[in-house]
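Asker: Below are the structure tokens for one structure; questions will follow.
2 protein chains.
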Amino acid sequence: MGAKETALSESQEDYLETILALEKENKVARVKDIAERLGVLRGSVSGALKNLGEKGLIHYEPYSFITLTPTGKRLAGEITRRHAIIKDFLEGVLLLNPEKAETNACRMEHAMDKAVVDRLVQFIEYIHDCPRTGPDWIEAFVNYYSKEKPDPEKCRECMAACMARHGAAE
Amino acid sequence: MGAKETALSESQEDYLETILALEKENKVARVKDIAERLGVLRGSVSGALKNLGEKGLIHYEPYSFITLTPTGKRLAGEITRRHAIIKDFLEGVLLLNPEKAETNACRMEHAMDKAVVDRLVQFIEYIHDCPRTGPDWIEAFVNYYSKEKPDPEKCRECMAACMARHGAAE
DNA sequence: ATATAATGTTTGGTGTATCAAACATTCACA
DNA sequence: TGTGAATGTTTGATACACCAAACATTATAT
Numbered sequence: 172m173g174a175k176e177t178a179l180s181e182s183q184e185d186y187l188e189t190i191l192a193l194e195k196e197n198k199v200a201r202v203k204d205i206a207e208r209l210g211v212l213r214g215s216v217s218g219a220l221k222n223l224g225e226k227g228l229i230h231y232e233p234y235s236f237i238t239l240t241p242t243g244k245r246l247a248g249e250i251t252r253r254h255a256i257i258k259d260f261l262e263g264v265l266l267l268n269p270e271k272a273e274t275n276a277c278r279m280e281h282a283m284d285k286a287v288v289d290r291l292v293q294f295i296e297y298i299h300d301c302p303r304t305g306p307d308w309i310e311a312f313v314n315y316y317s318k319e320k321p322d323p324e325k326c327r328e329c330m331a332a333c334m335a336r337h338g339a340a341e
Numbered sequence: 172m173g174a175k176e177t178a179l180s181e182s183q184e185d186y187l188e189t190i191l192a193l194e195k196e197n198k199v200a201r202v203k204d205i206a207e208r209l210g211v212l213r214g215s216v217s218g219a220l221k222n223l224g225e226k227g228l229i230h231y232e233p234y235s236f237i238t239l240t241p242t243g244k245r246l247a248g249e250i251t252r253r254h255a256i257i258k259d260f261l262e263g264v265l266l267l268n269p270e271k272a273e274t275n276a277c278r279m280e281h282a283m284d285k286a287v288v289d290r291l292v293q294f295i296e297y298i299h300d301c302p303r304t305g306p307d308w309i310e311a312f313v314n315y316y317s318k319e320k321p322d323p324e325k326c327r328e329c330m331a332a333c334m335a336r337h338g339a340a341e
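Listed below in structure tokens is the structure:
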């Protein structure tokens, strides 16, 4: 029935992601809201929706509300997940400000495939779970990137604190 | 003179990057080689080159060799740097295989801005410089992502080894 | 020196994505 | 219930990026 696995364009991924978000907020997505979120005119949305409808990713009847098909919902969910993970990494590990993290995540989500995002998730978990790293190690990254060069004294203190925490019993 | 700072498309960035690589290898870039590297037909290259020429990024005269202008060279260098850094992170930190790292870096380089790439560089340096992490910590990530769940025994050993290395003198 | 191969360009067509603006439909309320 | 406002669609245009294939130029090899 619906067309098969033709890779989506970045634009199409953005539409799906936006429709999913609007569905969650308002049960249903409206052309006007999609247009506003994506910063395009309503006319541009109509064309895109017809396309997604033909691909079997949304239920699209002219002048009616828009909802995702199961396939569309699955794809939209994957994209949304990527976005969230990438933003989490940029903000929570690289310690970039939320705006920078958001705008870059918006673009990066189209460029990273599942294997990479999955590995990134594991990496973030590793940082948090490993006794050698953890939240305080991430916090100490601020000292590293904001100074000209590392402060050996601070490094000793940081190392000692870590050892104290994970010395004998855990 | 040359047109000003109109953001480049992904395609245009790919052309610049490829031209720079070919210049380094062969002194000069030829349409045929650009076409091969980018996987497009020669005809597509001609159009793109005319465009880059009008933007003042390459010296382009029909039927003659192609070289980057200073502006073009600067931009191409920035893109190439991004690519290398991202690939380094994917391969050297996330431990993805070189092919996966390469294909993803190719796409990600167009999506990440300078601030993010710069911070990523600092993060990679942080991992290598911080006594709590370093190469062995990266290697231990393999154990983490390839097992169902962390092995507390291994964690203790790993922590002890780290403490031993960075205990008193450094 | 010239035929032929290799390389580069142009032309016409496709598909995507957008805008502006005319047009159609639906909604809300008076 | 009918009318104006809000919303949605269509049309014609632009721009990008590509292909296929005709065409032009340059290089090479004898």
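Taken in sequence, the protein lines are chains A and B.
For what it's worth, this note's numbering labels the leading residue of the first sequence as 172, then goes sequentially.
For what it's worth, this note's numbering labels the leading residue of the second sequence as 172, then goes sequentially.
Think of the CB as a built atom: it goes at the ideal place given N, C-alpha and C, for glycine as much as any other residue.
Let me check one thing: in DSSP terms, what residues is H230/B bridge-paired to?
Answerer: Bridge partners of H230/B: T238/B.
Asker: State yes or no: is the C-beta of G218/A within less than 7 Å of the C-beta of I229/A?
Answerer: Not closer than 7 Å, so no.
Asker: Taking the straight line between their C-alpha atoms, what separation do you get for E280/B and Y186/A?
Answerer: Distance between the alpha carbons of E280/B and Y186/A: 23 Å.
Asker: Below 8 Å, can you find three or more Cβ-Cβ pairs linking the segment 187–201 of chain B to the segment 315–335 of chain B?
Answerer: Contact between the segment 187–201 of chain B and the segment 315–335 of chain B is absent, because fewer than three Cβ pairs lie under 8 Å.
Asker: Please list the partners that Q293/B has in chain A, where partner means a Cβ-to-Cβ separation under 9 Å.
Answerer: Those are L265, F312, Y315, Y316, listed as they occur along chain A.
Asker: Below 8 Å on the Cβ atoms is my guess for K221/A versus Y231/A; work out the distance and round it to an integer in Å.
Answerer: That pair is a contact at about 6 Å.
Asker: At which residue ranges does the segment 271–306 of chain A contain complete beta strand (DSSP E) runs of 3 or more residues, listed in the order of the chain?
Answerer: You should have found no qualifying run.
Asker: Can you list, in chain order, the residues of its chain with a C-beta nearer than 6 Å to that of L267/A? Leave out the 5 residues immediately preceding and following it.
Answerer: Here the set comprises L261.
Asker: Quick one: what does DSSP say A178/A is sitting in, helix, strand or coil?
Answerer: Reduced to three states, the DSSP call for A178/A is coil.
Asker: Taking the straight line between their C-alpha atoms, what separation do you get for C301/B and C277/B?
Answerer: Taking the straight line joining both Cα atoms gives about 29 Å.
Asker: Measure the C-alpha to C-alpha separation of P321/A and T304/B and round it to an integer number of angstroms.
Answerer: If you take the alpha carbons of P321/A and T304/B, they lie about 14 Å apart.
Asker: Anything in chain B within Cβ reach of R303/A, meaning under 8 Å, just list it in chain order.
Answerer: Within chain B, the residues near R303/A are R303, T304, W308, C329, M330, C333.
Asker: Are there three or more Cβ pairs, one per stretch, closer than 8 Å when the segment 247–266 of chain B is compared with the segment 306–321 of chain B?
Answerer: Touching, per the Cβ criterion.
Asker: Less than 7 Å separating the beta-carbons of Y315/B and Y315/A?
Answerer: No.
Asker: Could you check if V199/B is buried or exposed, using at least 16 other CB atoms within 10 Å of its CB as the buried criterion?
Answerer: The residue in question, V199/B, is exposed, as its Cβ has fewer than 16 Cβ neighbours within 10 Å.
Asker: Say whether chain B places a C-beta atom closer than 7 Å to the C-beta of H337/A.
Answerer: Closer than 7 Å to some Cβ of chain B, the Cβ of H337/A qualifies, so yes.
Asker: Could you tell me which of I295/A, V211/A, L246/A sits nearest to L179/A, measuring between CA atoms?
Answerer: The candidate whose alpha carbon is nearest that of L179/A is L246/A.
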